[in-house]
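> Residue 7 is where the sequence shown starts when you use our numbering, and the numbers rise one by one after that. Next up is a structure, given as structure tokens.
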Amino acid sequence: MTQQNPGSAPDEESPAGDPWHAFGYLVAGVAMYGFLGWLADRWLGTSFLVVLGILLGAGLGLYMTFARFNRPPDPQSKQEKN
Numbered sequence: 007m008t009q010q011n012p013g014s015a016p017d018e019e020s021p022a023g024d025p026w027h028a029f030g031y032l033v034a035g036v037a038m039y040g041f042l043g044w045l046a047d048r049w050l051g052t053s054f055l056v057v058l059g060i061l062l063g064a065g066l067g068l069y070m071t072f073a074r075f076n077r078p079p080d081p082q083s084k085q086e087k088n
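Structural data, given as structure tokens:
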């Protein structure tokens, strides 16, 4: 008899990620850094930092999405299947 880890199906692979995570990273990055840019604009009396904050937030959101969904497969899970 083979032993299986509880809660895991033997032949199912876990999904690479939920698309809502990607959406959440992008929206949260734009919102947070856009808000920080807006605050800095109000404090310094400028008008360009909100745009830089939005662009920085979008870039960091894309980076976080790429980092989350492009992880290499876990070698431990491959050994358990064989």
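All C-beta atoms in this analysis are idealised placements derived from N, C-alpha and C, irrespective of residue type, glycine included. Note that this is a predicted model, so its numbers are computed, not measured.
Can you tell me the Cα-Cα spacing of Leu50 and Val36, whole angstroms?
Between the alpha carbons of Leu50 and Val36 lies a gap of roughly 20 Å.
> To the nearest angstrom, report how far apart Phe29 and Ser53 are at their CA atoms.
27 Å
> Could you tell me the distance, in whole angstroms, from the CA atom of Tyr31 to the CA atom of Pro79?
22 Å
> Where does the unbroken alpha helix (DSSP H) through Gly43 begin, and where does it stop?
In the DSSP annotation of this structure, the continuous segment of the alpha helix (DSSP H) that includes Gly43 starts and ends at Pro25 to Leu50.
> Taking 8 Å as the limit between beta carbons, can you name the residues of its chain near Asp47, skipping five residues before and five after?
Ser53, Phe54, Leu55 and Val56
> Between which two residues does the alpha helix (DSSP H) carrying Arg74 extend?
Leu55 to Phe75
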